[in-house]
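**Q**
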Amino acid sequence: MPRTRVSFEMRQKARSLRLHGTKAESLLWYELRELRAHDLKFRRQAPIGPYIVDFLCPSVRLIVEVDGDLHETENGKRHDANRDAYLKSLGYTILRMDEPDVMNSAWHVAQAVKEKAEYLVGDPSRPLRGHPPLKGEGDVGAADGVNP
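Heads up: the sequence shown at position 57 corresponds to 57 in this note's numbering, and the numbers run straight through without jumps.
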C-alpha cells in the first residue's frame with residue numbers, strides 16, 4: 001500500500017483534535033483502548049494524507065468515524081463520499097458509526113468495531129503483517145491432495 005506523507009500542520013491539527021474531541025469520541029476511545037487485549041491497537045485523530053480520521057487500527061487498515069449531525073447535510077455527505085473514496089483507494093476500510101449510538105452505548109459500538117476488525121483479520125485477502133499462515137495457506141500439495 002502506498003504511504004502518504006503528512007505535513008507538520010496536519011500533525012498539529014490532529015494533536016489539537018485529540019485534546020478537544022467530542023464526548024462521543026471520548027467514550028468510544030475509552031472502549032477501543034480495551035481492545036488491545038485482542039491485539040487491536042487504535043490511534044485517535046490520525047492524519048492520513050489530507051484527512052484526519054477519528055480512529056485508526058493500522059494493523060487491519062480499519063478506520064472508524066463517529067458521525068454527528070454535520071454528516072447528514074448535503075455538503076457533509078459529499079465531503080464524506082470524496083474522503084471515503086480517497087481512503088479506500090489507499091486500502092482502508094471505513095466503518096461509520098452514528099454519534100447517538102456511541103453516546104447510548106459506546107461498549108456495543110466498540111464490539112461492532114471488534115467484529116469488523118476480526119472479520120478483516122480472517123479475510124485471506126487482508127492478512128496482518130507477519131501473521132501465521134491461515135488454514136490451508138502455505139500447505140504444499142494441499143490443492144492437489146498430495147501430502148507433503
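Glycine included, C-beta positions come from ideal geometry on N, C-alpha and C.
(1) Inspect the CB distances between the segment 101 to 118 and the segment 72 to 84 and report whether three or more fall short of 8 Å.
(2) In angstroms with no decimal places, state the Cα-to-Cα distance between R61 and G91.
(3) With DSSP as the reference, label Y92 as helix, strand or coil.
(4) So if DSSP puts L56 in a beta bridge, which residue, or which two residues, is it bridged to?
(5) Select from S105, E65, R36, G122 the residue whose C-alpha is nearest the C-alpha of G21.
(6) With a threshold of 7 Å on Cβ separation, who are the neighbours of K117 within its own chain once the five nearest residues in sequence on each side are excluded?
(7) Only counting the same chain, and skipping five residues up and downstream in sequence, which positions put a Cβ closer than 6 Å to that of R96?
(8) What are the start and end residues of the alpha helix (DSSP H) that includes S100?
(9) If we ignore side chains and look at the alpha-carbon of each, how far apart do I52 and G76 end up?
(10) I'd like to know whether the C-beta atoms of L28 and V121 end up nearer to each other than 8 Å.
(11) When every heavy atom of the ligand SAM is checked, does at least one fall within less than 7 Å of the C-beta of D101?
(12) Pop quiz: D101 and I94 are said to be a contact at Cβ under 8 Å. What is the actual Cβ separation, rounded to whole angstroms?
(13) State the CB to CB distance for the pair E9 and A106, rounded to an integer number of angstroms; the pair is presumed to be in contact (CB under 8 Å).
(14) Please go through the same chain and pick out, in chain order, the residues whose beta-carbon is closer than 7 Å to the beta-carbon of H38, but skip the five residues on each side of it.
**A** Per the coordinate set shown:
(1) no
(2) Rounded to whole angstroms, R61 to G91 spans 7 Å at the Cα level.
(3) coil
(4) R43, I63
(5) E65
(6) In the sequence as displayed, the identity of residue 117 is Ala instead of Lys. Beyond the five residues adjoining it in sequence on each side, A117 comes within less than 7 Å, by CB distance, of L40, C57, V60, L62 in the same chain, given in chain order.
(7) E65, D67
(8) Residue identity differs from the one stated: residue 100 is Pro in this sequence, not Ser. 99 to 104 is the extent of the alpha helix (DSSP H) around P100.
(9) 15 Å
(10) no
(11) Among the components of this structure there are no ligands whatsoever, and the ligand SAM is therefore not found.
(12) At roughly 16 Å, the Cβ-Cβ gap does not stay under 8 Å, so D101 and I94 are not in contact.
(13) With 8 Å as the limit, E9 and A106 do not qualify as a contact, their Cβ atoms being about 30 Å apart.
(14) The residues K114, in chain order, have a CB closer than 7 Å to that of H38 in the same chain once the five nearest residues on each side in sequence are set aside.
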